[in-house]
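Novice:
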Amino acid sequence: MCKKILAALFCGTLGLSFLIFNIFSKQLSGDNHENRLLTGLPQVLQSAPGELFENLNSFIADNSPFRYQLVELNANANYLLFGQVQNDQVLAGRDGWLFYKDGPDAARPLANCQGLPDTFDSGEELAAAAASLQRLADALAEQGCTLVLDLTPSKDRVYQEYLPDGYPIVNEQNRTDRLAAYLQANTGVPVSWQYPAIRAAALADPAQPLYFKTDTHWNRAGALMGLDGALTAAGLDCVPYAEYDIAENGTQTGDLANVAALYTILPADTDYAAANYAALYEQDPRTVGVLGDSFSEYYMGYLSRRFAASWRDTYENALTPALTEVPGCDILILQVAERKLDTLLALLAQF
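Counted from 1, the sequence shown has number 267 at position 12 by our numbering; the numbering is strictly sequential.
1. For the candidate residues Ala564, Ile520, Thr525, Gly399, whose alpha-carbon lies nearest to that of Asn640?
2. Do three or more CB pairs link the region 449-458 to the region 377-393 at distances below 8 Å?
3. Can you tell me whether Ala485 is helix, strand or coil according to DSSP?
4. Just reading off the alpha helix (DSSP H) that Gly378 is part of, what are its end residues?
5. First and last residue of the alpha helix (DSSP H) that includes Asn572?
6. When you compare the region 337-346 with the region 506-522, are there three or more beta-carbon pairs, one atom per stretch, that lie closer than 8 Å?
7. Looking only at its chain, what residues have a beta carbon closer than 7 Å to the beta carbon of Ser551, apart from the 5 residues adjacent to it on each side?
8. According to DSSP, is Tyr414 helix, strand or coil?
9. In or out: Ala577 buried (at least 16 other Cβ within 10 Å) or exposed?
10. Secondary structure at Glu503, three-state DSSP: helix, strand or coil?
11. In whole angstroms, what separates the C-alpha of Ser549 from that of Arg349?
12. What is the rounded straight-line gap between the Cα of Ala592 and the Cα of Pro408?
13. Since I believe Ala502 is in contact with Ala530 (beta carbons under 8 Å), could you give me their beta-carbon distance rounded to a whole number of angstroms?
14. Report yes if the CB atom of Leu381 is closer than 9 Å to the CB atom of Arg433, and no otherwise.
15. Given that a residue counts as buried once 16 or more other Cβ atoms are within 10 Å of its Cβ, and exposed if not, what is Val403?
16. Can you name, in chain order, every residue of its own chain whose Cβ lies under 8 Å from the Cβ of Cys493, other than the five neighbours on each side?
17. Just the C-alpha distance for Lys612 and Leu346, rounded to the nearest angstrom, thanks.
18. Let's test the definition: count the other Cβ atoms within 10 Å of the Cβ of Gly370 and tell me whether it reaches 16, buried, or not, exposed.
19. Under a three-way DSSP split, which group does Ser409 fall into?
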């Protein structure tokens, strides 16, 4: 009898919550900040027999009344009381900094930041990558296109002093350092690796952030240092960084704050950009193409001001042998973030 009463109370509470939520739903936020697709009813109805109960459970969890409000409350309490983040892809650092901990398509970002030896590529893997990169560059050169490999440093390494205890730097030279040095020594391809310069700038002026505190990405000030490194590697002249007029460029809610459901208690991040960029350069008649990940989006405003034409695509979509036949640009920047090195090596293996 007791079990029946408890079951009835549970069902009644669940049903009542749906009723109350439907009454007040217009006043409550239903925005999805989780950076993933929630389970929908079509997924449940189209499930294979062995996946039905798992998908049904996910559907109920993803569509429960007051879900966003309860997730937000739990996340805020964990962060404010214990300094912890409930999402397993996000790491809470010092002074309000958040870091990307891990993910399905990431090459162990924190292990790479620490310089753990088991993240290093073997000599055979480095040699294969160098040979493939050289073949790609040679094929593009035959079409009048200069290739630049642009490796983007991760925030956790640039701002390593804000990492929590438990993530010591084991080796100062990490996987990306080794890869960049090998490619520079064993290919004729321009390779831009701006970690030393960006790290030095971050230490010299902590009041001028180059990356967002609650986002995985650099801001447009940090991106400018990366872009200038790539263009310099391609043989272009760039003014000294001190000549740029770095000014506030709006605010945004960080992707890590969104994923961790901390978007209501952590302040929005301020973006910074070079306000005088266009005035410092005469327009270049060439076309610059960018194959990159989300970091390269921050390049495009600058490129559109300096070059006659510019375009961007993702390397997952466009880095194929067909690209070498019609590159569609005079300079091609292949931009790859540190956590995407596995993807880079896999794509280079096509060439």
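Here a beta-carbon is modelled for each residue, glycine too, at the ideal position from N, C-alpha and C.
Specialist: According to the structure shown:
1. The structure shown does not extend to residue 640, since the chain is modelled only from 256 to 606, so the question has no answer here.
2. The answer is no - the region 377-393 does not touch the region 449-458, with fewer than three Cβ pairs under 8 Å.
3. Numbered from 1 along the sequence shown, position 230 holds the residue referred to as residue 485. DSSP, read as helix, strand or coil, puts Ala485 in helix.
4. Within the sequence shown, numbered from 1, the residue matching residue 378 stands at position 123. Per DSSP, Gly378 belongs to the alpha helix (DSSP H) from 378-396.
5. Locating residue 572 in the sequence shown gives position 317, where the first residue counts as 1. According to the DSSP assignment, Asn572 belongs to the alpha helix (DSSP H) that extends over 570-573.
6. Because the criterion of three Cβ pairs below 8 Å is met, the region 337-346 and the region 506-522 touch.
7. To locate residue 551, count along the sequence shown from 1; it is residue 296. The residues are Val545, Arg567, Gln590.
8. Position 159 of the sequence shown, counted from the first residue, corresponds to residue 414. Assignment of Tyr414 by DSSP, reduced to helix, strand and coil, places it in the coil class.
9. By one-based count along the sequence shown, residue 577 stands at place 322. With fewer than 16 other Cβ atoms within 10 Å, it is exposed.
10. Residue mapping note: residue 503 aligns to position 248 of the sequence shown, counting from 1. Strand at Glu503.
11. Along the sequence shown, read from residue 1 onward, the residue named residue 549 stands at position 294. Along the sequence shown, read from residue 1 onward, the residue named residue 349 stands at position 94. Distance between the alpha carbons of Ser549 and Arg349 is about 25 Å.
12. Residue mapping note: residue 592 aligns to position 337 of the sequence shown, counting from 1. Residue mapping note: residue 408 aligns to position 153 of the sequence shown, counting from 1. Rounded to whole angstroms, the separation of the alpha carbons of Pro408 and Ala592 is 6 Å.
13. Your numbering for residue 530 matches position 275 in the sequence shown. Your numbering for residue 502 matches position 247 in the sequence shown. Under the criterion of beta carbons closer than 8 Å, Ala530 and Ala502 qualify as touching, at roughly 4 Å.
14. Position 126 of the sequence shown, counted from the first residue, corresponds to residue 381. Position 178 of the sequence shown, counted from the first residue, corresponds to residue 433. Taking 9 Å as the Cβ cut-off, Leu381 and Arg433 qualify as a contacting pair.
15. Taking the sequence shown and counting its residues from 1, one reaches residue 403 at position 148. By the neighbour-count rule (16 or more Cβ atoms within 10 Å), Val403 is buried.
16. Reading the sequence shown from its first residue, position 238 is the one you call residue 493. Only Asp483, Leu486, Thr487 meet the Cβ criterion.
17. Residue 612 lies beyond the stretch modelled for the chain, which goes from 256 to 606, so this question has no answer here.
18. Residue mapping note: residue 370 aligns to position 115 of the sequence shown, counting from 1. Buried, by the Cβ-count rule.
19. Sequence index remark: in the sequence shown, residue 409 carries index 154 (1-based). Under the three-state reduction of DSSP output, Ser409 falls in the coil class, being neither helix nor strand.
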